[in-house]
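K.L.:
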Amino acid sequence: MKIFWNFGRGFMATGRVSKMVLFLFVVNLLFSLLLAIPMYNSLKDSFGRSEAGSRMAKGFDYVWWEEFRDEAKGLETTFSPSVIGKGAILTNLENLIQMRFYSLPPILLVFGLFYIILHTFLAGGILSIFNQDAPRFTMKEFIQGAGSHFLRFFGLMLFSWLFIIAIGVFLQEGFISIISEISSNSLSEVIPFYLRLGFSVLTFILLLFIQMVFDYARIKVVLEESRNIIKSTLEALAFIFKYPFSTFGLFTLIFLFQVAVTVIYILLKEIIPQFNFPWVLAAFLIQQLFIFAVIWIRCLLYSSQMQLYRYMK
Amino acid sequence: MDVTLNTETQMIKASEILSWTNDTRFPANELRFHLYWNAFQNNLSTYLTEDARRGRSVSGLREEDWGYCRVESVKIVKNPYFADYDLMPFMEFQSPDDENLFDQTVFSITLPQEVEPGQTILLQIEFESKVPRPISRTGVYKDYYFIAQWFPKIGVFEDGRWNCHQYHSSSEYYADYGTFDVKITLPSSFIVGGTGEHQEIIDNRDGTTTHHFHQHSVHDFAWTASPRFLEYKENFEFAPGKITEITLLLQPQHKKLKDRYMNAVKNAIKYCSLFYGDYPYTTATCVDPAYNSGSGGMEYPTFFTGGAYFLTRKGMSSPEGITIHEFGHGYFYGLVGSNEFENAWMDEGFTSFLDSEVYYKAYGNPLYSRSYFGIPFTFKNVEIPIESSGISGHRQTYNMDVMQRFAWEFLEGGSYGANSYSKAELMLRTLKRFMGKDLFSRMIKDYSQRFWFKHPRPQDFYAVVSEHAGQDMSWFLDQFVYGSEKLDYAIGTISSQRVRQPEGWFDGEYINRQIKDSRFQSEVIVRRLGEVKLPVDVLVVFEDGEEIRETWDGQYRWKKFTYQKPSRISKAVVDPEFKFVLDINRTNNSMMRKPDKLAPLKWVSRWMAWLQHALEFFTILGG
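Chains as they are written, first to last, in the numbering used here: chain A, 1 to 313; chain B, 1 to 623.
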């Protein structure tokens, strides 16, 4: 019951600060536009006045894409049929879990890193707003909260990277060598496949667990003005294991909520034909609605976890 | 040939009688043989040296992992032309390609007397082979044996000399046609497949079984053995009264792919028979290779390997693509016995062309697919057309080499692959569309059947093409076979302006008409951006729907077409039927008066959705 009660409270709190979610969405949109503009120009130049442009307006011209891919540089290398619909989500999931950041173009890595740091800054504002008895978004309070917690949040981010790097370097390397060993002694691809899949699931769970631990560490910093990031992290860990059913249960519930939203989005995207401007616009709006929902759910996670922390304390 | 496989020691002991007839006009004073497995007896063989240069060095091999083939005895068996004679003292290793003293993949035997044209010599050969760890699609992996290029194989005597090259990292094979009669003895638990008719299975009542294979008119013999194979057999009538027995040796984890494999073989037999002549053998054996065996995707006469992934999906071209390709080699390599050392494009290119033609005819366009976490996903809105087959490889390597080179003399592996497979396939598809489907189909079937059980060279193919085209086609073929230039035609500009009215002084009279002419003066400039020159069609479409077709000889760098018409040009397309699939830039082949503004908007918005999600998703890492 505690899970649902705090989920409900978090839901209501997030609902009260839709303007904040909108602000975060606009940040995401503007940030993406910075890269979308050069990509638009690349596509526009490549299509030129050719018939390939018409074919791409109606469907997907594989012959054109192969040509584009063979000449692609930088950001252009990320354009492929796999960014369509479910491919976009799966590509991101795979890149995250397998930590394939090296395969991304440097400009995207720099932008991504900058966005993560920016988001670390914004997280201070989000939690400050949720720390109010009756959350209400004002830009002044948001920025003040973001600024006052940024250094500690930045420290927490760096601290969390130690664990992520440990997963990426030691655990993955170790596990990959074990899987390779088993794989090289196998007469069938079935066992290696399930081992790799199992390891991917394990890595994802570990990444989500790290996220949860550091979410509670950030909540502690905001609620208790804690200045020691290591102590905050350890206490967050202790809190999670003191109330494992509630903490994991709440996180899982919101995770499943996110999965459901994602599945609905993919299904919607798959059925929208994009052969004229109104449909393209409709698809774009659905995309933006989805991104808005993703950000909303991230805020919901923060507010529910904060509610739970307060409740338990 | 009597062969015994010892699965404990992984040794093959064999005894064979070789009957060789000199069917040339020249006497032979020596014999030359390949010993391919000696490429795997040390790391300084030519094969492994070339492999190492390409960054594929072998390492961590145990003593038992190396492979070799040792000839223990060679004797002439008495016949009307020759007396019994021990030839072992005259056996000598040769390195005709690179003088590598550590390479023992070719040996010669000097004969006591010449084999005159028309004479036959009988040899009794005893040899012992150590089965290597899987390499170059042969070897043993646990209890899975794939045994290819494993016996002393006589070279090809032609033009008064032996064509018998060393084993190279990127070359395949060349051998003469003959009849193979092979008895293989091995533990009874093994299921065995091989080249030709599996005539007999004899239980030796000592825990071993002897498998008897027989096949005429083939130039190689390969076999496989594993206790884990699932064996399926079906008789397939591919043309009225013409039946082939299909054997499928399947890995247990691929049991559900049985029908897909079987249908792929049937489609391959059916369409290859239609396009290139009725399949002349009574058997076709398809082997689904074991994981890690490295034996997938390879061809031997009447016997070939496919390759599949247990999660393959509908719409994906696996296992059908590879199965059709390797069966197709039964025609271009098996029946048309090109020299794979010297003219790799004549088997790989022809077979790549064949496999696309058969695949697309039988299955239509495959879907684009990508694996996530090892699970393949197909994208139903993204179909892969036949025109895309091979072009990417060609685009990236077109100026590295020419097609006609010895297989080991290409700049790099990618260039060997792109020239031998992709460029040759694209050249044939371009030729097909250039000559016309019917004429080309007659030509390629004629070429195929004319050279069954023979060894054609490039000039033989040229001759058949020219004969059917009714003109010497060297001008066309030379540009691709011996050239490394690019083919790229483009629309340079299109423009339409109202026809200019006379204005000013004309013969002492001042004219200044204010009325605009209703007609448009239009211009299309077509450009040749590459060095390859071919006559090309141009389609000009006007806004009122009128279409004009032009032909340009494609010789000079550009050509201008002008028109006076009641409406403006809507678009111009060079090579509108997409005949020149070798054209490395197809986007510039067309130009419209106005660009389509929707396309970049639509696709950047879809790409942006991925980016926005990525940015938000990756905040797991700290935000």
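Cβ coordinates follow ideal geometry from the N, Cα and C atoms, glycine included. Computed from a predicted model, the values in this text were never measured in an experiment.
(1) Quick one: using the 10 Å Cβ neighbour count with 16 as the cut-off for buried, is His216 of chain B buried or exposed?
(2) Under 9 Å between C-beta atoms, does Trp558 of chain B make it to chain A?
(3) In the DSSP assignment, find the alpha helix (DSSP H) that holds Ile295 of chain A and state where it starts and stops.
(4) With a 10 Å radius around its C-beta and 16 neighbouring C-beta atoms as the bar for buried, classify Met403 of chain B as buried or exposed.
(5) So, with DSSP's three-state summary, where would you put Pro112 of chain B?
(6) Tell me where the beta strand (DSSP E) around Val156 of chain B begins and ends.
(7) Give a yes or no on whether the C-beta atoms belonging to Ser522 of chain B and Ser495 of chain B are separated by under 9 Å.
(8) Check whether the Cβ of Met315 of chain A lies closer than 9 Å to any Cβ atom in chain B.
(9) Do you know offhand how far Phe130 of chain A's Cα is from Lys73 of chain A's?
(10) Between Gln307 of chain A and Ala123 of chain A, is the Cβ-Cβ spacing less than 9 Å?
(11) Using the DSSP secondary-structure output, state which residues sit across from Asp2 of chain B in a beta bridge.
(12) Below 8 Å, how does it come out for the segment 86-100 of chain A and the segment 274-283 of chain A: are there three or more Cβ pairs, yes or no?
(13) On the CB-based measure, 16 or more other CB atoms within 10 Å of its CB, does Asp575 of chain B come out buried or exposed?
(14) Distance, Cα to Cα, Tyr271 of chain B vs Val358 of chain B?
(15) Could you tell me which of B:Gly160, B:Pro132, B:Glu126, B:Tyr145 sits nearest to Pro117 of chain B, measuring between CA atoms?
(16) Kindly indicate if chain B contains any beta-carbon less than 9 Å away from that of Lys44 of chain A.
(17) Closer than 6 Å by C-beta to Phe427 of chain B: which residues in its own chain qualify, once you throw out the five before and the five after it? Chain order, please.
(18) Could you check whether the segment 145-157 of chain B touches the segment 288-302 of chain A, counting it as contact only if at least three pairs of C-beta atoms, one from each stretch, sit closer than 8 Å?
(19) Please decide whether Asn589 of chain B counts as near chain A, where near means a Cβ-Cβ distance under 9 Å.
(20) Select from the segment 386-403 of chain B all residues with a C-beta closer than 9 Å to any C-beta belonging to chain A, and list them in chain order.
(21) Should Ile254 of chain A go down as buried or exposed, given a rule of 16 or more other Cβ atoms within 10 Å for buried?
(22) Quick one: what's got a C-beta closer than 7 Å to Gly249 of chain A's C-beta in the same chain, skipping five residues either side?
(23) Going along chain A in order, which residues have a C-beta closer than 7 Å to the C-beta of Lys602 of chain B?
(24) When the distance is taken between beta carbons, is Arg152 of chain A closer than 9 Å to Ser232 of chain A?
(25) Is the segment 76-91 of chain B close to the segment 137-155 of chain B, with three or more CB pairs under 8 Å?
(26) Determine whether the Cβ of Asp575 of chain B lies closer than 9 Å to any Cβ atom of chain A.
(27) Looking at the secondary structure, which residues open and close the beta strand (DSSP E) in which Val536 of chain B lies?
(28) Which residues bound the alpha helix (DSSP H) around Glu270 of chain A?
(29) What's the call for Glu340 of chain B, buried or exposed, on a 16-neighbour Cβ count within 10 Å?
(30) By Cβ distance, which residues of its chain are closer than 8 Å to Pro376 of chain B, with the 5 residues on each side in sequence left out?
(31) Going along chain B, which residues have a C-beta under 8 Å from Tyr62 of chain A?
(32) If you measure between the beta carbons of Met56 of chain A and Trp607 of chain B, is that distance less than 9 Å?
(33) Consider the Cβ of Gln253 of chain B: report whether some Cβ of chain A lies at a distance smaller than 9 Å.
(34) Where DSSP assigns a beta bridge to Glu321 of chain A, which residues make up the other side?
(35) Quick test of your reading: Ser605 of chain B and Phe150 of chain A, contact by CB under 8 Å. State the CB separation rounded to the nearest angstrom.
(36) Can you tell me whether Arg395 of chain B is buried or exposed, with buried defined as 16 or more other CB within 10 angstroms of its CB?
P.N.:
Taking the structure as given:
(1) Taking all protein chains in view, the Cβ of His216 of chain B is surrounded by fewer than 16 other Cβ atoms within 10 Å, so the residue is classified as exposed.
(2) Trp558 of chain B does not count as touching chain A.
(3) 277-312 is the span of the alpha helix (DSSP H), which, as asked, contains Ile295 of chain A.
(4) With 16 or more other Cβ atoms within 10 Å, it is buried.
(5) When secondary structure is reduced to three states using DSSP, Pro112 of chain B falls in the strand class.
(6) Element bounds for Val156 of chain B: 156-158.
(7) In contact: Ser522 of chain B and Ser495 of chain B (Cβ atoms closer than 9 Å).
(8) Absent from the model: residue 315 of chain A. The displayed extent of chain A is 1 to 313, so no value can be given.
(9) The alpha-carbon atoms of Phe130 of chain A and Lys73 of chain A are separated by roughly 43 Å.
(10) Contact: no.
(11) As a beta-bridge residue in DSSP terms, Asp2 of chain B pairs with B:Ser15, B:Lys183.
(12) In short, these stretches do not touch, since the Cβ pair count stays below three.
(13) With 16 or more Cβ atoms within 10 Å of its Cβ, Asp575 of chain B is classed as buried.
(14) In this structure, the CA atom of Tyr271 of chain B is about 6 Å from the CA atom of Val358 of chain B.
(15) Nearest neighbour of Pro117 of chain B by Cα position, chosen from B:Gly160, B:Pro132, B:Glu126, B:Tyr145, turns out to be B:Gly160.
(16) It does: the Cβ of Lys44 of chain A has a partner Cβ on chain B nearer than 9 Å.
(17) Checking the sequence shown, residue 427 of chain B turns out to be Met, not Phe. Apart from the 5 residues on each side of it in sequence, Met427 of chain B sits with its Cβ closer than 6 Å to the Cβ of Phe480 in its chain, given in chain order.
(18) Of all C-beta pairs linking the segment 145-157 of chain B to the segment 288-302 of chain A, fewer than three are shorter than 8 Å, placing the two stretches out of contact.
(19) Yes, Asn589 of chain B counts as interfacial toward chain A.
(20) Near chain A, meaning a CB-to-CB distance below 9 Å, the residues of the segment 386-403 of chain B are Glu387, Ser388, Ile391, Ser392, Arg395, Gln396.
(21) Burial is judged here by how many other beta carbons sit within 10 angstroms of a residue's own beta carbon; Ile254 of chain A has at least 16 and is buried.
(22) Excluding residues within five positions, the ones whose Cβ falls inside 7 Å are Ile3.
(23) For Lys602 of chain B, the C-beta contacts it makes with chain A under 7 Å involve Ala57, Gln274, Val280, in order along the chain.
(24) Pairing Ser232 of chain A with Arg152 of chain A gives a Cβ-Cβ distance under 9 Å.
(25) Segment contact: the segment 76-91 of chain B against the segment 137-155 of chain B, fewer than three CB-CB distances shorter than 8 Å; contact not assigned.
(26) False, the Cβ-Cβ gap to chain A never drops below 9 Å.
(27) Taken as a continuous stretch (DSSP letters only), the beta strand (DSSP E) holding Val536 of chain B covers 536-542.
(28) Note, Glu270 of chain A: alpha helix (DSSP H), 244-271.
(29) In summary, Glu340 of chain B is buried, with 16 or more beta-carbon neighbours lying within 10 Å of its beta-carbon over all protein chains present.
(30) Cβ within range, chain order: Tyr309, Leu311, Thr312, Arg313, Met316, Ser369, Arg370.
(31) Those within 8 Å of Tyr62 of chain A in chain B are Tyr368, Val382, Glu383, Ile384, Pro385, Ser388.
(32) The answer is no: Cβ separation not under 9 Å.
(33) Among the residues facing chain A, Gln253 of chain B is included, as its CB has a counterpart in that chain under 9 Å away.
(34) The question about residue 321 of chain A has no answer, for chain A in this structure spans 1 to 313.
(35) That belief does not hold up - the Cβ atoms of Ser605 of chain B and Phe150 of chain A are roughly 33 Å apart, past 8 Å.
(36) Looking at its Cβ environment, which holds 16 or more other Cβ atoms inside 10 Å, Arg395 of chain B is buried.
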